[in-house]
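No gaps in the numbering here: position 90 of the sequence shown is 123 in the numbering used here, and each next residue is one more.
C-beta atoms are modelled at their ideal positions from N, C-alpha and C, and glycine is treated no differently.
Report on the following structure.
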Amino acid sequence: EVFGDIMTEFNYPECTTSVITALAIFRKHYPYYRTADIQRTITHAVDYLHKAQRPEGGWFGSWGICFTYATQFALESLALVGETYETSAASRRACEFLVSKQRADGGWGE
34 EVFGDIMTEF
44 NYPECTTSVI
54 TALAIFRKHY
64 PYYRTADIQR
74 TITHAVDYLH
84 KAQRPEGGWF
94 GSWGICFTYA
104 TQFALESLAL
114 VGETYETSAA
124 SRRACEFLVS
134 KQRADGGWGE
(Lines of atoms letter the chains of each structure in order from A; the text may use other names.)
(Lines give C-alpha, C1' and ligand atoms only; values in the text may rest on other atoms or scores of the structure.)
Protein backbone atom coordinates (compact mmCIF):
# COMPACT_ATOMS: atom_id res chain seq x y z
CA GLU A 34 0.00 0.00 0.00
CA VAL A 35 1.33 3.42 -0.96
CA PHE A 36 0.25 5.17 2.25
CA GLY A 37 0.86 2.32 4.69
CA ASP A 38 3.67 4.11 6.53
CA ILE A 39 2.41 7.66 6.05
CA MET A 40 2.02 8.20 9.82
CA THR A 41 5.17 6.32 10.77
CA GLU A 42 7.97 8.42 12.18
CA PHE A 43 11.53 7.30 11.59
CA ASN A 44 14.81 7.96 13.42
CA TYR A 45 16.75 11.01 12.31
CA PRO A 46 20.30 12.01 13.25
CA GLU A 47 19.20 15.66 13.60
CA CYS A 48 16.47 14.83 16.11
CA THR A 49 18.76 12.45 18.01
CA THR A 50 21.55 15.03 18.23
CA SER A 51 19.09 17.63 19.51
CA VAL A 52 18.02 15.32 22.32
CA ILE A 53 21.64 14.52 23.23
CA THR A 54 22.43 18.24 23.33
CA ALA A 55 19.37 19.04 25.45
CA LEU A 56 20.08 16.26 27.94
CA ALA A 57 23.78 17.15 28.19
CA ILE A 58 22.92 20.77 28.99
CA PHE A 59 20.13 19.72 31.37
CA ARG A 60 22.54 17.38 33.18
CA LYS A 61 24.95 20.27 33.81
CA HIS A 62 22.22 22.26 35.55
CA TYR A 63 20.59 19.32 37.37
CA PRO A 64 23.34 16.74 37.87
CA TYR A 65 21.40 14.66 40.41
CA TYR A 66 18.06 14.39 38.63
CA ARG A 67 17.46 10.93 37.13
CA THR A 68 21.18 10.54 36.57
CA ALA A 69 21.07 6.88 35.51
CA ASP A 70 18.09 7.37 33.18
CA ILE A 71 19.67 10.36 31.46
CA GLN A 72 23.03 8.62 31.08
CA ARG A 73 21.37 5.50 29.67
CA THR A 74 19.39 7.61 27.19
CA ILE A 75 22.48 9.52 26.07
CA THR A 76 24.50 6.32 25.70
CA HIS A 77 21.78 4.70 23.61
CA ALA A 78 21.48 7.82 21.42
CA VAL A 79 25.25 8.01 20.90
CA ASP A 80 25.23 4.32 19.92
CA TYR A 81 22.57 5.16 17.31
CA LEU A 82 24.75 7.98 15.94
CA HIS A 83 27.76 5.69 15.69
CA LYS A 84 25.70 3.17 13.72
CA ALA A 85 24.12 5.84 11.51
CA GLN A 86 27.43 7.46 10.55
CA ARG A 87 28.20 6.86 6.91
CA PRO A 88 31.52 5.41 5.72
CA GLU A 89 32.79 8.79 4.46
CA GLY A 90 32.31 10.26 7.96
CA GLY A 91 29.09 12.25 7.67
CA TRP A 92 25.50 11.66 8.63
CA PHE A 93 22.55 11.79 6.26
CA GLY A 94 20.23 14.60 7.24
CA SER A 95 16.57 14.80 6.42
CA TRP A 96 15.63 18.23 7.74
CA GLY A 97 18.12 20.55 6.13
CA ILE A 98 21.15 20.72 3.88
CA CYS A 99 21.59 17.00 4.03
CA PHE A 100 25.07 15.82 5.08
CA THR A 101 26.61 19.10 6.26
CA TYR A 102 23.60 19.91 8.42
CA ALA A 103 23.35 16.54 10.16
CA THR A 104 27.11 16.21 10.60
CA GLN A 105 27.57 19.58 12.29
CA PHE A 106 24.78 18.75 14.75
CA ALA A 107 26.28 15.32 15.41
CA LEU A 108 29.72 16.79 16.13
CA GLU A 109 28.27 19.34 18.53
CA SER A 110 26.28 16.79 20.51
CA LEU A 111 29.12 14.26 20.61
CA ALA A 112 31.49 16.93 21.96
CA LEU A 113 29.01 17.80 24.71
CA VAL A 114 29.18 14.21 25.97
CA GLY A 115 32.97 13.94 25.73
CA GLU A 116 33.46 12.55 22.23
CA THR A 117 35.90 14.95 20.61
CA TYR A 118 38.49 14.79 17.85
CA GLU A 119 41.05 13.60 20.40
CA THR A 120 38.87 10.90 21.96
CA SER A 121 36.52 9.61 19.27
CA ALA A 122 37.07 7.95 15.91
CA ALA A 123 33.54 8.99 14.89
CA SER A 124 34.30 12.64 15.64
CA ARG A 125 37.61 12.50 13.77
CA ARG A 126 35.92 11.02 10.70
CA ALA A 127 33.17 13.66 10.89
CA CYS A 128 35.68 16.51 11.16
CA GLU A 129 37.63 15.17 8.21
CA PHE A 130 34.38 14.87 6.25
CA LEU A 131 33.42 18.50 6.92
CA VAL A 132 36.88 19.84 6.16
CA SER A 133 36.90 17.93 2.86
CA LYS A 134 33.60 19.54 1.82
CA GLN A 135 34.59 23.17 2.36
CA ARG A 136 34.31 25.16 -0.84
CA ALA A 137 36.94 27.41 -2.36
CA ASP A 138 35.17 30.55 -1.10
CA GLY A 139 35.33 29.26 2.50
CA GLY A 140 31.69 28.23 2.84
CA TRP A 141 29.82 24.95 2.72
CA GLY A 142 26.91 23.77 0.64
CA GLU A 143 25.57 20.74 -1.12
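Query: Proximity to GLN86 [Cα-Cα], best of PHE106, GLN72 and ILE71; Result: PHE106
Query: Helix, strand or coil at PRO46 [DSSP, three-state]; Result: helix
Query: Coil, strand or helix - LYS84 by DSSP; Result: helix
Query: ILE137 versus GLU109: straight-line alpha-carbon distance, rounded; Result: The sequence shown places Ala at residue 137, rather than the Ile named in the question. Between ALA137 and GLU109, the C-alpha separation is close to 24 Å.
Query: Neighbour-count burial assignment, PHE100, 16 or more Cβ in a 10 Å radius; Result: buried
Query: Proximity to PRO46 [Cα-Cα], best of GLY97, TRP92 and TYR118; Result: TRP92
Query: Endpoints, the alpha helix (DSSP H) within which ARG125 is located; Result: 122-133
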